[in-house]
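Colleague: Those protein sequence lines, which keep their order, are chains A and B. Numbered per our numbering, the first sequence spans residues 1 to 158. Numbered per our numbering, the second sequence spans residues 1 to 193. C-beta atoms are modelled at their ideal positions from N, C-alpha and C, and glycine is treated no differently. Below is the structure I would like to discuss, written out as C-alpha cells.
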Amino acid sequence: MANGQSVGCIHGPMNTNAIDYYIAVTVSAVGVLQLAASFGGLRGLLFLTSPLATRLIGLILPLASVVWFFATGTRNISDHLGGLNSNQVALLFFLGNLTAWVLTVTVTSIVNSGRLTDPQQAVGLSRLRSDTFYRALRHSIRRWTREWRTLTKPYFSE
Amino acid sequence: MANLDEAIFLRINGWVGTIPALDHLAGWLVSDYLASAVLGFSLVVLWLAGGDDKTRMRRQVGVLMALVGMALASWLVFVSNGLFFRDRPFIDLDVNLLFYRPTDSSMPANSAAAFFGLASAIWWVHRRAGMALLAVAGLHAFLRVYTGVHYPSDLVVGALIGVVGVASAYRLKGLIDPLPAMAVKAARILCLA
C-alpha cells in the first residue's frame, strides 16, 4: 500500500489514480466525440450548431483533461504501488468512453429535439446526420420489431 | 549486436538533463496513459467519422480488425515473456531513469507491440491517419529509450510483433470474414455503427 491506495486493484480504498484517469478519459471522450461527429457530419450528436465552436470544444476538452491529469499528481507509478496495470487502463478507458457516449447522446437528444425535425430515411449512425440519437434508436427498434424477417436476410449475406 | 544496442541506448538516454522541461514532458508522453489514449481515441474517430455508408463500414471493420490484431500481438508478447526474459537497462547499466522500475521482461516491449499493431491496422484502412499514428508510436518508442526503460532492440522486436499480429489478423479475416461485417451491421440496429 502506498498513500492509502489499493494494491493492484481498482476496487480498493480510493485509488485516486483510477478515479482521476476515468474522469480525464470521460471529459476527453466528450471532446473527441464532438470532433468525430463534426467531421462525420453527424448533427444529431453535436451540442452546438457552429462547426468552429464544436471543433474548439473538441480540442480544448482533451487538452485540458490531459494537463489536469498530469499536473495534479504523480502518474508514473508502478501498478504494485498504486498505479494502474494495462488491463485496468483498458477497462477504465472503455468505461470513460461509455460514460461520455451516454452523456453525449442524452444531452444532444434533448438539445437537438427541436432543431432536427426532418429526418432522412437512413439507418444506423447515418441517420444521426438528421435526427437525434434516441429518436433514431426508437425508429430503428420499431422498424426491427415490425420487419425483422425481411431485415435479417442481408445480415447473413455480403 | 548487444554492444551496439547498449551504445545506442546510452547515447539516447545520455541526453536526459539537457533540457529539463523536455524531461518533464517526456515523463507525460511515455506514461502508461497518454499514448494508449491517443490511439484508443483515434479508433473512436475512425469509427464515427466516415463519409458514406460504404467507407464507414470499411473503417469500422478495420477498427474491429485492429482490436483483433492487438489481441494477437498481446498474446504473442505473453508467450514470448514465458520463454525469454531480459533485464531492464537500469539493472545492468548506469541509467538516467525518468520512469518507475517495471519488473517484467524488457524484451519484447509490450507497449510497442500494442501501439505499432494498432497504428499499422489503422494504416490498412486510412493511410494518412495510420502514418500519423505510426509517428506517435515511433515517438513513444523513442521516449521509452530516452527515459531509460527499454533498449532500442526491445522496441524493434515489440513493433515487429505488433505488425505481425495485425498482418495475422488480416490473414485470418478470410476465415472469420462475414463476422466483422455482421457485427457492424448488428450495431447499426442500435445506431452505434
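1) Does any residue of chain B bring its CB to less than 8 Å from the CB of asparagine 97 of chain A?
2) How long is the line joining the alpha carbons of tryptophan 159 of chain A and phenylalanine 9 of chain B, rounded to whole angstroms?
3) Over the uninterrupted alpha helix (DSSP H) stretch that includes lysine 185 of chain B, give me the two end residues.
4) Any residues in the stretch 120 to 147 of chain A with a beta carbon nearer than 7 Å to a beta carbon of chain B? Which ones, in chain order?
5) Given a threshold of 16 other Cβ atoms within 10 Å of its Cβ, counted over all protein chains shown, does alanine 7 of chain B qualify as buried or as exposed?
6) Measure the alpha-carbon distance for aspartate 53 of chain B versus serine 126 of chain A and round it to whole angstroms.
7) Does the Cβ of lysine 185 of chain B have 16 or more other Cβ atoms within 10 Å, making it buried, or fewer, making it exposed?
8) For leucine 35 of chain A, which of B:Asp32, B:His24, B:Ser168, B:Ala49 has the nearest alpha-carbon?
9) By DSSP, does valine 123 of chain A sit in helix, in strand, or in coil?
10) So what's alanine 18 of chain A in DSSP terms, helix, strand or just coil?
11) Which residues in the same chain have their Cβ closer than 8 Å to the Cβ of phenylalanine 84 of chain B, if we skip the five residues on either side of it in sequence?
12) Pick out the complete alpha helix (DSSP H) segments inside the stretch 58 to 98 of chain A, 4 residues or longer, and give them in chain order.
13) Count the other CB atoms within 10 Å of the CB of alanine 2 of chain A; is the residue buried (16 or more) or exposed (fewer)?
14) Going by DSSP, what residue range makes up the alpha helix (DSSP H) through threonine 150 of chain A?
Modeller: Considering the structure as presented:
1) On the first sequence, residue 97 of chain A is found 97 positions in, with the first residue counted as 1. Yes, contact with chain B.
2) Outside the shown range of chain A, which is 1 to 158, sits residue 159 of chain A, and nothing can be said about it.
3) Indexing the second sequence from 1 puts residue 185 of chain B at position 185. Taken as a continuous stretch (DSSP letters only), the alpha helix (DSSP H) holding lysine 185 of chain B covers 178 to 189.
4) Val123, Gly124, Leu125, Ser126, Arg127, Leu128, Phe133, Ala136, Leu137, Ser140, Trp144
5) Residue mapping note: residue 7 of chain B aligns to position 7 of the second sequence, counting from 1. Result: exposed.
6) By 1-based counting over the second sequence, the position of residue 53 of chain B is 53. By 1-based counting over the first sequence, the position of residue 126 of chain A is 126. One C-alpha to the other measures close to 7 Å.
7) For the purposes of this step, residue 185 of chain B is taken as the residue at position 185 of the second sequence. So lysine 185 of chain B ends up on the buried side.
8) For the purposes of this step, residue 35 of chain A is taken as the residue at position 35 of the first sequence. Checked all of B:Asp32, B:His24, B:Ser168, B:Ala49; the closest Cα to leucine 35 of chain A is B:Ala49.
9) Here residue 123 of chain A corresponds to residue number 123 of the first sequence, with the count starting at 1. Three-state DSSP puts valine 123 of chain A in coil, outside helix and strand.
10) Within the first sequence, residue 18 of chain A is the residue found at index 18, counting from 1. Looking at alanine 18 of chain A - three-state DSSP - the assignment turns out to be helix.
11) To locate residue 84 of chain B, count along the second sequence from 1; it is residue 84. Answer for phenylalanine 84 of chain B: Ser105, Met107, listed in chain order.
12) none
13) On the first sequence, residue 2 of chain A is found 2 positions in, with the first residue counted as 1. Confidence at alanine 2 of chain A is low in this model, with a pLDDT of 40, below 50, so its placement is unreliable and no value can be given for it.
14) By one-based count along the first sequence, residue 150 of chain A stands at place 150. Start and end: 133 to 152.
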